[in-house]
Amino acid sequence: MNDFKKNPIFYSVIILLAGLFLAGIWFVYSLSSAQATSTKKLNLEANKYRNLIAGYKVSSEVNSVSLTAVNVKSAQSDLNELINHQAKLRMAISGPQELRILGKEKITNTELVALMKQSVDEWTKGANDQGIRLLTGENKCDFGFRRYIRNAGSSPRGKFAKIDQQRLIIDFLYKLLADSRSEAGGATRTPLLLISIDREPIEILEANPTGEVPRFEADEFTPTRSFRQDKYVETLSFR
Numbered sequence: 001m002n003d004f005k006k007n008p009i010f011y012s013v014i015i016l017l018a019g020l021f022l023a024g025i026w027f028v029y030s031l032s033s034a035q036a037t038s039t040k041k042l043n044l045e046a047n048k049y050r051n052l053i054a055g056y057k058v059s060s061e062v063n064s065v066s067l068t069a070v071n072v073k074s075a076q077s078d079l080n081e082l083i084n085h086q087a088k089l090r091m092a093i094s095g096p097q098e099l100r101i102l103g104k105e106k107i108t109n110t111e112l113v114a115l116m117k118q119s120v121d122e123w124t125k126g127a128n129d130q131g132i133r134l135l136t137g138e139n140k141c142d143f144g145f146r147r148y149i150r151n152a153g154s155s156p157r158g159k160f161a162k163i164d165q166q167r168l169i170i171d172f173l174y175k176l177l178a179d180s181r182s183e184a185g186g187a188t189r190t191p192l193l194l195i196s197i198d199r200e201p202i203e204i205l206e207a208n209p210t211g212e213v214p215r216f217e218a219d220e221f222t223p224t225r226s227f228r229q230d231k232y233v234e235t236l237s238f239r
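Quick note on numbering: the sequence shown equals residues 1 to 239 in our numbering.
In structure tokens, the structure reads:
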């Protein structure tokens, strides 16, 4: 202690050098560890590459499946064939082009609401003309579009073409129901009571991806059964 007091600068330099020496040892160790980790990762990637080039042995009777230009070209050809086959399956499921019911691709929300109201008016008038009874008052049938018919100024925020497609499908189903009641001789069958036509509100359901339960109108519902498969099969539900 007395020596330190007599030579404080000398001992301070010694302590500083010792600290630098320890710091240097830690720095070299850190670099060595990082290099070892990098070398390990590099070896793993190199092994993966060698395995890809060597190929996977499917059977002892055939050559290994390896990542060669020929195999890559063959795999791309298989992929294209599968994509074409998928397109053909979609065509087969959806039926002939002339029988498909599709909504207008370029339609605004204002145009869509106007078409909804026009269709509901036509269906209501057609029901009266064909002896199809509809409920009145609060329970009046709005053919799945109560959300927009009874709330002035409201309009869909998206899925315009799909909603228009729903409108056209409801038109087809309704007319099919009405026409099925006509006898071959032109006579009309016993009057029918149409309580409601409900639709799946796709514009509301898809706007709530977090699982929040949306507020449904009386003529809207969530289907419990559907053939829908994302990216493969599209469906629209009615009841």
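Where is the CB? At the ideal position from N, CA and C, for every residue including glycine.
Inset, instruction - For Glu98, count neighbouring Cβ atoms within 10 angstroms of its own Cβ and tell me buried if that reaches 16, exposed if not. - result: exposed
Legend entry - Residue closest to Asn151, alpha-carbon to alpha-carbon, out of Lys125, Gly126 and Met116: Met116
Legend entry - Contacting residues, own chain, Cβ-Cβ under 6 Å from Ser154 (five flanking each side not counted): Tyr148
Inset, instruction - Please report the residue range of the beta strand (DSSP E) in which Leu240 lies. - result: Any answer about residue 240 is impossible in this case: the structure gives the chain only from 1 up to 239.
Inset, instruction - Jot down the residue ranges of each uninterrupted beta strand (DSSP E) in the segment 132 to 161, minimum 3 residues, whole runs only, in chain order. - result: 132 to 134
Legend entry - Alpha-carbon to alpha-carbon, Ile9 and Phe21: 18 Å
Legend entry - Buried or exposed by the 16-neighbour rule on C-beta atoms within 10 Å, applied to Asp219: buried
Inset, instruction - Can you give me the Cβ contacts of Tyr29 inside the same chain, cut-off strictly under 6 Å, excluding the 5 residues immediately before and after it? - result: none
Legend entry - As assigned by DSSP and simplified to three states, the class of Arg239: coil
Legend entry - Between the CA atoms of Ala178 and Glu81 - distance to the nearest angstrom: 45 Å
Legend entry - Opposing strand residues paired with Val70 [DSSP bridges]: Answer is none; Val70 lacks a bridge partner.
Inset, instruction - Specify the secondary structure class of Arg167 as computed by DSSP and reduced to three states. - result: helix
Inset, instruction - Along the alpha helix (DSSP H) that carries Gln118, what are the first and last residues, could you check? - result: Asn109 to Asp129
Legend entry - Glu200 in three-state terms, based on DSSP: coil
Inset, instruction - Can you tell me which of the three DSSP states Glu98 falls into? - result: helix
Inset, instruction - Spell out the partners DSSP gives Val233 in its beta bridges. - result: Gln229
Inset, instruction - Please classify Glu220: does DSSP put it in a helix, a strand, or coil? - result: strand
Legend entry - Within 8 Å, strictly: CB atoms of Phe238 and Asp198: yes
Inset, instruction - Report the three-state DSSP secondary structure of Gly24 (helix, strand or coil). - result: helix
Inset, instruction - Would you mind stating whether Glu241 and Gly158 have Cβ atoms separated by less than 8 Å? - result: Past the boundaries of the shown model lies residue 241; the chain is included only from 1 to 239, so the question cannot be answered.
Legend entry - Reference Gly103; option with closest CA among Gln86, Asp164 and Trp26: Asp164
Inset, instruction - Report the residue from Arg146, Leu176 and Thr108 whose alpha carbon sits nearest the alpha carbon of Phe221. - result: Arg146
Inset, instruction - Return the CA-CA distance between Asn139 and Ile101, expressed in angstroms with no decimal places. - result: 29 Å
Legend entry - Cα-Cα separation between Leu192 and Gly131, rounded to whole angstroms: 7 Å
Legend entry - Ala46 and Ile107 closer than 8 Å at C-beta: no
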